[in-house]
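Asker: Sharing a structure with you now.
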């Protein structure tokens, strides 16, 4: 959202001292990152950077761009009972709780916390949008139905759901940030290093109401230079995404190496 609106550029820097003061509250980052740009902020998962971007954008604009990625909406996958999640706004909070929207709500929203609710499938679509430079396809469970003797009964035709508008330069910055998470200094997904394919991703830790460890998240795509798959992993109460969700992806990708080789050939 910040890139699309021009509020920030890939080179825009903010200083992370370990916390950002908003109103009467201090919103913490998981470490002090110093002065960093967008690419490092993505790769090192700097909350302070995105607090400051979110406060510049304001809540309604954050919500607008969340919907652009199909958050808060059904994906249309061929399953019953899909949850839509929730993209909050000041108006929603007023109707739901008869309470005002505070700057702290915007800060939480800007890092994917607070009232925002998403499903793993929705976050996988976010990963596909980044991998495809903004194109989001309709998800399906089945690619094709074939009889035992090889006759094609039905094939799923890829259908574009939407396109997220962003310039090629800005998409490159997001890609570079997700590569930094794996291969850059201080990257939060460094446990993926050493695989024979290049991977791009973003870790996350989502707090929740139980008071236990946060849910661990990791989304991304591979191979990073010519994406074939996108993934979204959540480990409930798993703590930090780099510690528990990333190893899950590493194991899955190791099991898929033969598939990547066949697809390349």
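Numbering (this note's numbering), first residue to last: 30 to 294.
Backbone N, C-alpha and C define an ideal beta-carbon position, used for all residues, glycine too.
Note that the coordinates shown come from a computational prediction; the quantities given were computed from them, not determined experimentally.
(1) Closest to residue 169 by C-alpha separation, out of 176, 187 and 163, would be which residue?
(2) Determine whether the beta carbon atoms of residue 83 and residue 139 lie at a separation below 8 Å.
(3) Please report the distance separating the alpha-carbon of residue 232 from that of residue 149.
(4) Using DSSP's beta-bridge definition, name the partner residues of residue 246.
(5) Just list the residues that DSSP pairs residue 274 with in beta bridges.
(6) Apart from the five residues on each side of it in sequence, which residues of its chain come closer than 7 Å, Cβ to Cβ, to residue 147?
(7) How big is the Cα-Cα spacing for residue 86 and residue 48?
(8) Does residue 177 come out as helix, strand or coil in the three-state DSSP assignment?
(9) For residue 119, tell me which candidate among 131, 173 and 287 has the shortest Cα-Cα distance.
(10) How big is the Cα-Cα spacing for residue 235 and residue 137?
(11) Whole angstroms are fine: how far does the CA of residue 96 sit from the CA of residue 103?
(12) Have a look at residue 11 and residue 76 and give me their C-alpha separation to the nearest angstrom.
(13) Let's test the definition: count the other Cβ atoms within 10 Å of the Cβ of residue 245 and tell me whether it reaches 16, buried, or not, exposed.
(14) Taking buried to mean at least 16 other C-beta atoms within 10 Å of its own C-beta, is residue 199 buried or exposed?
(15) Rounded C-beta distance between residue 72 and residue 179? I'm assuming under 8 Å.
(16) Is residue 134 buried or exposed, if buried means 16 or more other CB atoms sit within 10 Å of its CB?
(17) Between which two residues does the beta strand (DSSP E) containing residue 189 stretch?
(18) Under 6 Å Cβ to Cβ from residue 268, same chain only, skipping five residues before and after it: list those, please.
(19) So, at 6 Å on beta carbons, what are the nonlocal neighbours of residue 162 in its own chain, with the 5 sequence-adjacent residues on each side left out?
(20) By the DSSP assignment, the alpha helix (DSSP H) with residue 90 in it spans what residues?
(21) With DSSP run on the structure shown, which of helix, strand or coil describes residue 51?
Answerer: The short version:
(1) Indexing the chain shown from 1 puts residue 169 at position 140. Among 176, 187 and 163, the Cα nearest to that of residue 169 belongs to 187.
(2) Mapped onto the chain shown, residue 83 falls at position 54. Mapped onto the chain shown, residue 139 falls at position 110. Taking 8 Å as the Cβ cut-off, residue 83 and residue 139 qualify as a contacting pair.
(3) For the purposes of this step, residue 232 is taken as residue 203 along the chain shown, with counting starting at 1. For the purposes of this step, residue 149 is taken as residue 120 along the chain shown, with counting starting at 1. Roughly 13 Å separates the two Cα atoms.
(4) The count along the chain shown starts at 1 and reaches residue 246 at position 217. Note: residue 246 sits in a beta bridge opposite 233 and 263.
(5) As a position in the chain shown, residue 274 is number 245, starting the count at 1. Residue 274 is not bridged to any residue.
(6) Translated into positions along the chain shown, residue 147 becomes position 118. Taken in chain order, the residues that qualify are 100 and 114.
(7) Residue numbering aside, residue 86 sits at position 57 when the chain shown is read from its first letter. Residue numbering aside, residue 48 sits at position 19 when the chain shown is read from its first letter. C-alpha separation (whole angstroms): 19 Å.
(8) Position 148 of the chain shown, counting from 1, holds the residue named residue 177. Three-state DSSP puts residue 177 in coil, outside helix and strand.
(9) As a first step, residue 119 must be located in the chain shown, where it is residue number 90. Taking only the C-alpha atoms, the option nearest residue 119 is 131.
(10) As a working mapping, residue 235 is identified with position 206 in the chain shown. As a working mapping, residue 137 is identified with position 108 in the chain shown. Their Cα atoms are separated by approximately 10 Å.
(11) Taking the chain shown and counting its residues from 1, one reaches residue 103 at position 74. Taking the chain shown and counting its residues from 1, one reaches residue 96 at position 67. For residue 103 and residue 96, the distance between alpha carbons rounds to 11 Å.
(12) No statement about residue 11 is possible, as the shown extent of the chain runs from 30 to 294 and does not include it.
(13) As a position in the chain shown, residue 245 is number 216, starting the count at 1. Buried.
(14) For the purposes of this step, residue 199 is taken as residue 170 along the chain shown, with counting starting at 1. Burial call: buried.
(15) As a working mapping, residue 72 is identified with position 43 in the chain shown. As a working mapping, residue 179 is identified with position 150 in the chain shown. Actually they do not touch by this definition, with Cβ atoms about 46 Å apart.
(16) Stepping through the chain shown from its first residue, residue 134 is reached at position 105. Buried, because 16 or more other Cβ atoms sit within 10 Å of the Cβ of residue 134.
(17) Counting from 1 along the chain shown, the entry for residue 189 is found at position 160. Here the beta strand (DSSP E) through residue 189 covers 189 to 192.
(18) Here residue 268 refers to the residue found at position 239 when the chain shown is read from its first residue. Taken in chain order, the residues that qualify are 242 and 245.
(19) On the chain shown, residue 162 is found 133 positions in, with the first residue counted as 1. Result list for residue 162: 200, in chain order.
(20) Taking the first residue of the chain shown as position 1, residue 90 is located at position 61. Per DSSP, residue 90 belongs to the alpha helix (DSSP H) from 88 to 97.
(21) Here residue 51 is taken as the residue at index 22 of the chain shown, counted from 1. In this structure, residue 51 counts as strand in the three-state DSSP scheme.
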